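Accompanying notes for the structure given below.
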Amino acid sequence: MGTTKKKGFYLALFATVLAMVVVVLGAYTRLVHAGLGCPDWPGCYGQLTVPETAREIAVAEALFPGAPVEVEKGWAEMIHRYVAGLLLLVVLGIALLSWKHRKEPGQPLIHPVFILGLIILQAAFGMWTVTLKLWPQVVTLHLLGGFATFSLLFLLTLRLSGMGWKKLPPDVVNGLKGLGMAGLLVVIVQITLGGWISSNYAALACPDLPMCQGQWLPPADFAEGFDITQEIGPNYLGGQMDSAARTAIHLTHRLGALITVLVLLLLSFKVLTRSKQLSYSSRGSLQKISLAILFILTIQVILGLSNIIWHLPLPVAVAHNLFGALLLLSLVALNYRLRISGDE
Numbered sequence: 001m002g003t004t005k006k007k008g009f010y011l012a013l014f015a016t017v018l019a020m021v022v023v024v025l026g027a028y029t030r031l032v033h034a035g036l037g038c039p040d041w042p043g044c045y046g047q048l049t050v051p052e053t054a055r056e057i058a059v060a061e062a063l064f065p066g067a068p069v070e071v072e073k074g075w076a077e078m079i080h081r082y083v084a085g086l087l088l089l090v091v092l093g094i095a096l097l098s099w100k101h102r103k104e105p106g107q108p109l110i111h112p113v114f115i116l117g118l119i120i121l122q123a124a125f126g127m128w129t130v131t132l133k134l135w136p137q138v139v140t141l142h143l144l145g146g147f148a149t150f151s152l153l154f155l156l157t158l159r160l161s162g163m164g165w166k167k168l169p170p171d172v173v174n175g176l177k178g179l180g181m182a183g184l185l186v187v188i189v190q191i192t193l194g195g196w197i198s199s200n201y202a203a204l205a206c207p208d209l210p211m212c213q214g215q216w217l218p219p220a221d222f223a224e225g226f227d228i229t230q231e232i233g234p235n236y237l238g239g240q241m242d243s244a245a246r247t248a249i250h251l252t253h254r255l256g257a258l259i260t261v262l263v264l265l266l267l268s269f270k271v272l273t274r275s276k277q278l279s280y281s282s283r284g285s286l287q288k289i290s291l292a293i294l295f296i297l298t299i300q301v302i303l304g305l306s307n308i309i310w311h312l313p314l315p316v317a318v319a320h321n322l323f324g325a326l327l328l329l330s331l332v333a334l335n336y337r338l339r340i341s342g343d344e
């Protein structure tokens, strides 16, 4: 049972942490309405930094009339871009290192190259987020791309870690693989709904619990709420949908949260029950991942409820995004453990 770390492990671990920072910064940028803090891309008002002096601000506003400089929002956007750019360089380094050692047994190549391509695509979505003025479709896909990058880097770190996990017996994993994948898909759908809520500013459409607007079934326009043919052109800062459409999105996210909780509770219970049949070392890895899922899920539910009760406080809303990403990672880890061949 090998435990030797493969080439690029520490670089992949650093990239994973950096990706987490990018996810947090992206959430912060959206929540403080700084997505258009810089009206151009990749610079800010034609500069590499945010205009701050009176002269710089005057020049910037002359170049971009109708887009007054807000220094704090500009820096929120630019810091996000700087860290994302650093992540691109680190992943490029990982891809080059993987290519160099591609002939070594078990050294992944397609995986890091795919992540590199995804980050380049993410850069394009970052540009379109600005040029298309926060078009909800692009904003949501940009968020999903960030979560995908984070989870794929985490998976790469696991593959390079040389943990030497043993292959699990078929009688233990039968049924768990399917349920594990279902749990992963449910979390992805819920994250997508969360992105759609954020990009359409529907987080406070239901300001009360357990009802919504004092009703169990308030007016909700699902057709408009999930219309993905919204036109390109208007500025979507603050959202363009009416109240009933935003209510429909919010109610769907609440229902998705309930389904997610039920599926993950069932999954964790099944995994913990089946793991009792394993040896101590194999049982320990499964139990730790399952308990991590339950812990992160509990925190995430508390954060979601807190967002409604206290009307979207910034630290809680940012943490809700982060724990959504961590929940995704925990499901990635579980699915990887259930499929591990024992020789990676």
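1 is the number of the first residue of the sequence shown in the UniProt record's numbering; add one for each residue after it. Note that beta-carbon positions come from the ideal geometry of N, C-alpha and C, so glycine has one too. Bear in mind that the values here come from a model prediction, so they are computed numbers and not experimental data.
Going by Cα to Cα distance, which pick from the options is closest to residue i?
{"i": "Arg81", "options": "Ala202, Ile120, Leu152, Leu209", "result": "Ile120"}
{"i": "Pro108", "options": "Gln213, Lys5, Leu331", "result": "Lys5"}
{"i": "Met181", "options": "Arg30, Gly26, Gln190, Asn335", "result": "Asn335"}
{"i": "Val83", "options": "Ile293, Gly66, Ala333, Thr29", "result": "Thr29"}
{"i": "Ser161", "options": "Tyr10, Val301, Gly324, Leu314", "result": "Tyr10"}
{"i": "Ala76", "options": "Ser330, Gly256, Cys38", "result": "Cys38"}
{"i": "Thr140", "options": "Leu176, Thr192, Leu92, Met127", "result": "Thr192"}
{"i": "Met127", "options": "Gly85, Pro105, Ala58, Gly93", "result": "Gly85"}
{"i": "Leu297", "options": "Ala60, Pro313, His320", "result": "His320"}
Excluding sequence positions up to five away, which residues of its chain have a Cβ less than 7 Å from the Cβ of residue i?
{"i": "Leu25", "result": "Ile79, His80, Val83"}
{"i": "His311", "result": "Leu204, Pro207"}
{"i": "Ala245", "result": "Asp221, Glu224, Gly225"}
{"i": "Gly93", "result": "Leu11"}
Does residue i pass the burial test, meaning 16 or more other C-beta atoms within 10 Å, or should it be called exposed?
{"i": "Ala19", "result": "buried"}
{"i": "His111", "result": "buried"}
{"i": "Trp99", "result": "exposed"}
{"i": "Gln215", "result": "exposed"}
{"i": "Leu329", "result": "buried"}
{"i": "Asn174", "result": "exposed"}
What is the rounded straight-line gap between the Cα of residue i and the Cα of residue j?
{"i": "Phe226", "j": "Leu251", "result": "12 Å"}
{"i": "Cys212", "j": "Ser279", "result": "48 Å"}
{"i": "Ala124", "j": "Gly8", "result": "26 Å"}
{"i": "Glu224", "j": "Pro234", "result": "16 Å"}
{"i": "Asn307", "j": "Pro169", "result": "43 Å"}
{"i": "residue 346", "j": "Ser285", "result": "Summary: the structure shown does not reach residue 346, with the chain confined to residues 1 through 344, and so no result is reported for it."}
{"i": "Trp135", "j": "Ser290", "result": "37 Å"}
{"i": "Ala154", "j": "Thr16", "result": "The question names Ala, yet the displayed sequence has Phe at residue 154. The alpha-carbon atoms of Phe154 and Thr16 are separated by roughly 6 Å."}
Less than 6 Å between C-beta atoms, sequence neighbours within five positions excluded: which residues of the same chain meet that for residue i?
{"i": "Leu132", "result": "Val138, Ile232"}
{"i": "Ile299", "result": "Phe323"}
{"i": "Ile340", "result": "Trp165"}
{"i": "Gly46", "result": "Leu63"}
Apart from the five residues on each side of it in sequence, which residues of its chain come closer than 8 Å, Cβ to Cβ, to residue i?
{"i": "Val172", "result": "Arg274, Ser275, Gln277, Leu278"}
Could you give the first and the last residue of the continuous alpha helix (DSSP H) run that contains residue i?
{"i": "Leu179", "result": "176 to 199"}
{"i": "Gly93", "result": "71 to 100"}
{"i": "Tyr10", "result": "9 to 31"}
{"i": "Glu224", "result": "222 to 225"}
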